[in-house]
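One structure below.
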Amino acid sequence: EKLKPNPTFKNEVLAIRCNKGQDTLEYAINSKGTRKRAVTQLLLEYYDESDIESRFLPCVQLGDVAALKRIWQQTGGDKAKQKKLISLTDRMNRNAFILVCKTGNFSTLNWLLSLNDEEKDGDEEDELNLTQTTEIQTRTRYGGTTKSKTTPLLTVLENDKRRQYEETGSSNYYSQSNNDDDRKLSDEEKENYFKCAQLILSKTNNKKGMVFEQNKEQRDALMLTCRNGNYPATQFLLSQLNDRDKKQMIGRKDQYSYTHFTNAVYGGDMKIVTEIYKLFIKYGKETLVTDDRSSVSLALKDGMIDIAKFLLFDLVTDAMKSWKNLNMYISQAKTTRKFTLKLQTWIHSFFESIDLFNDISDITNVFNWLLRELSDDMETMDLLLSRIKTDETTKADFIKKTYCLRTVCQANQTQALQRILQYLGDVIKPIFSSHALLDALQKGNEQ
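If you count the sequence shown from 1, position 123 lands on 712 in the working numbering, and the numbers rise without skipping.
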């Protein structure tokens, strides 16, 4: 209010830029504060009514259709001015369509597309080409920027995040889920994003081209819906493609070598996992699923009980192959009590079909996981030890590869030590036990 009498000073203040290059209005519209809308609307009042270019994109981001209609009327029907407004981009090179698809504002997108409908004349080329790939700048996690390509449809699906994940517990390894903005959307937001995707596809005849287009991670539209756990959008996209297109799409991989199935597992929706798996079976690409160990890793990291069970017991019929997958990634498993007890049950299930382990490497990670997570579970420990060969070479290999003596001494697990010594018998030699003895002395564990 105090700046109003001095318009020159007011303009200088609004033009001030932060260290990221954003002026006052950009800073407000891109903030995450609860009063973002109110603050942005307040700042817009300081701009002259005639300054339609400065107000257009912020109003698009706010979803203020009434303000946008007033701005459009101020063009006086001048086609050149209208075309300039529509082609405006922000500092990150995002046009009106990319911005409105990012926010998922259906009413604003519908209004923008209605302008396009008014401009069409018969079979004239669509002026607002929704299939056009736009090269934008995106901010990296370290504060820099990088170039990437996107389309309105990809932007909608990238931001319609419905991924299911546990709120508690943690993984022992870094999980990719930490990279994504996993803010939970409201039901209204989900509905608006879905309606935006439907509207965009209804406005083009090149549905295949739009769905096949890839973003910077080489993920197409179907991969994004799978990755975000978006079942309604997944069904909708598949309904837009014929069998030949689906066969051509299924089996593609993103830049991390993740297939549609792997992304479906990451998304955490069992219905999507089942639906996509059926497509791999239908088009003869089952091996891309059964040989995909990344899926097991993702399911264990995020504690997805239903999906992990499907991958370990339903997908692979060879019990030993499935056990090896579990042994490879169990150290990364989420450490919630519920998931830990479920893993314990599954390990017992494997013992019903596996009589003997020929290679100590096949049990190393499971053994160490038991010592760490279920140190008092002597029943599982006994079952595991009973399935290891009892010759001296195997026993020595067991000590070397599992570091079992040191592990139990460091953790003061006397009961587990007794079980291990009973299995090892007279194989214990100074070269194996000296460090473990030192660990026990340091812990002051007399037993």
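Heads up, the beta-carbon is just placed ideally off N, CA and C, and yes, glycines get one too.
Starting from the Cα of residue i, find the closest Cα among the options and give me that residue.
i: Gly818; options: Leu1013, Pro741, Leu651, Phe850; result: Phe850
i: Leu631; options: Glu642, Ile641, Ile618; result: Ile618
i: Phe1038; options: His937, Thr929, Ile870; result: Shown here, the chain extends from 590 to 1036; a query on residue 1038 therefore has no answer.
i: Thr678; options: Asp637, Met909, Gln726, Ser696; result: Gln726
i: Leu811; options: Gly798, Lys784, Lys805, Leu826; result: Leu826
i: Ile949; options: Thr934, Asp980, Asp966; result: Asp980
i: Gln787; options: Val602, Leu698, Asn608, Glu962; result: Leu698
i: Lys805; options: Lys658, Glu590, Leu743; result: Leu743
i: Ser975; options: Ile943, Pro741, Gln837, Val689; result: Ile943
i: Ser639; options: Ala656, Gln824, Arg626; result: Ala656
i: Gly610; options: Arg680, Ser676, Arg751; result: Arg680
i: Leu994; options: Ile1009, Asp843, Gln1004; result: Ile1009
i: Gln650; options: Tyr635, Phe695, Leu592; result: Phe695
i: Trp935; options: Asp834, Asp749, Asp1015, Leu973; result: Leu973
i: Ser883; options: Tyr845, Glu962, Met909; result: Tyr845
i: Leu592; options: Phe940, Tyr635, Arg624, Val955; result: Tyr635
First and last residue of the beta strand (DSSP E) that includes residue i?
i: Glu724; result: 723 to 728
By the DSSP assignment, the alpha helix (DSSP H) with residue i in it spans what residues?
i: Ser884; result: 882 to 890
i: Ser828; result: 820 to 828
i: Ala897; result: 894 to 898
i: Ala685; result: 685 to 692
i: Val649; result: 641 to 651
i: Lys534; result: Outside the displayed span of the chain (590 to 1036) sits residue 534, for which this structure offers no information.
i: Gly856; result: 849 to 856
i: Phe801; result: 796 to 801
i: Ile865; result: 859 to 871
i: Pro596; result: 596 to 604
i: Asp843; result: Looking at the DSSP string, Asp843 is not in any alpha helix (DSSP H), and its letter there is neither H nor E.
i: Phe956; result: 953 to 962
i: Glu780; result: 776 to 791
i: Arg816; result: 810 to 816
i: Tyr1012; result: 1003 to 1013
i: Arg550; result: Because the chain is modelled from 590 through 1036, residue 550 falls outside the range shown and cannot be assessed.
i: Leu743; result: 741 to 748
i: Arg659; result: 654 to 662
In this structure, does DSSP put residue i in helix, strand or coil?
i: Ser764; result: Residue confidence is low: Ser764 scores 39 on pLDDT, short of 50, so the model does not pin down where it sits. Its coordinate-derived value is still stated next. Correct three-state label for Ser764: coil.
i: Ile977; result: strand
i: Thr735; result: strand
i: Arg680; result: coil
i: Asp907; result: coil
i: Arg624; result: coil
i: Asp612; result: strand
i: Lys593; result: coil
Please confirm if residue i has its CB atom under 8 Å from at least one CB of chain C.
i: Leu915; result: Among the chains of the structure shown, chain C does not appear; only one protein chain is present.
Whole angstroms is fine: what's the gap from residue i's alpha carbon to residue j's?
i: Leu719; j: Asn957; result: 53 Å
i: Ser886; j: Gly1033; result: 38 Å
i: Asp986; j: Met917; result: 18 Å
i: Glu778; j: Phe899; result: 31 Å
i: Met859; j: Ile865; result: 10 Å
i: Leu603; j: Ile641; result: 16 Å
i: His1024; j: Gln999; result: 10 Å
i: Lys658; j: Ile789; result: 21 Å
i: Lys797; j: Leu830; result: 7 Å
i: Thr664; j: Asp637; result: 14 Å
i: Ala922; j: Ile952; result: 16 Å
i: Pro821; j: Lys784; result: 11 Å
i: Thr723; j: Val878; result: 33 Å
i: Thr996; j: Glu802; result: 51 Å
i: Thr969; j: Gln1007; result: 14 Å
i: Thr929; j: Leu813; result: 30 Å
i: Leu746; j: Leu633; result: 30 Å
i: Leu1030; j: Ser620; result: 57 Å
i: Leu960; j: Gln933; result: 12 Å
Suppose the cutoff is 7 Å on Cβ atoms and the five residues either side in sequence are ignored; what does the same chain contact list for residue i look like?
i: Lys931; result: Ile894
i: Glu755; result: Only weak support is given to the placement of Glu755: the predicted model assigns it a pLDDT of 48, under 50, and the question is left unresolved by the model.
i: Tyr616; result: Cys607
Going along the chain, which residues of its own chain have a beta-carbon closer than 8 Å to the beta-carbon of residue i, five neighbours each way excluded?
i: Leu1013; result: Lys984, Phe987, Ile988
i: Trp661; result: Gln671, Leu674, Leu704
i: Asn600; result: none
i: Met838; result: Val800, Phe801, Asp809, Leu811, Leu830, His849
i: Asp612; result: Leu603, Ala604, Ile605, Arg606
i: Val905; result: Thr879, Ser911, Asn914
Can you list, in chain order, the residues of its chain whose CB lies under 6 Å from that of residue i, leaving out five sequence neighbours each side?
i: Gly873; result: none
i: Ser764; result: Because Ser764 carries a pLDDT of 39, less than 50, the predicted location of this residue cannot be relied on, and no value is offered for it.
i: Leu674; result: Phe645
i: Asn684; result: Thr678
i: Ala853; result: Cys815, Ile861, Val862, Ile865
i: Thr1003; result: Gln1036
Any heavy atom of the ligand FAD closer than 7 Å to the CB of residue i?
i: Gln1007; result: For the ligand FAD, the structure offers nothing, since it holds no ligand at all.
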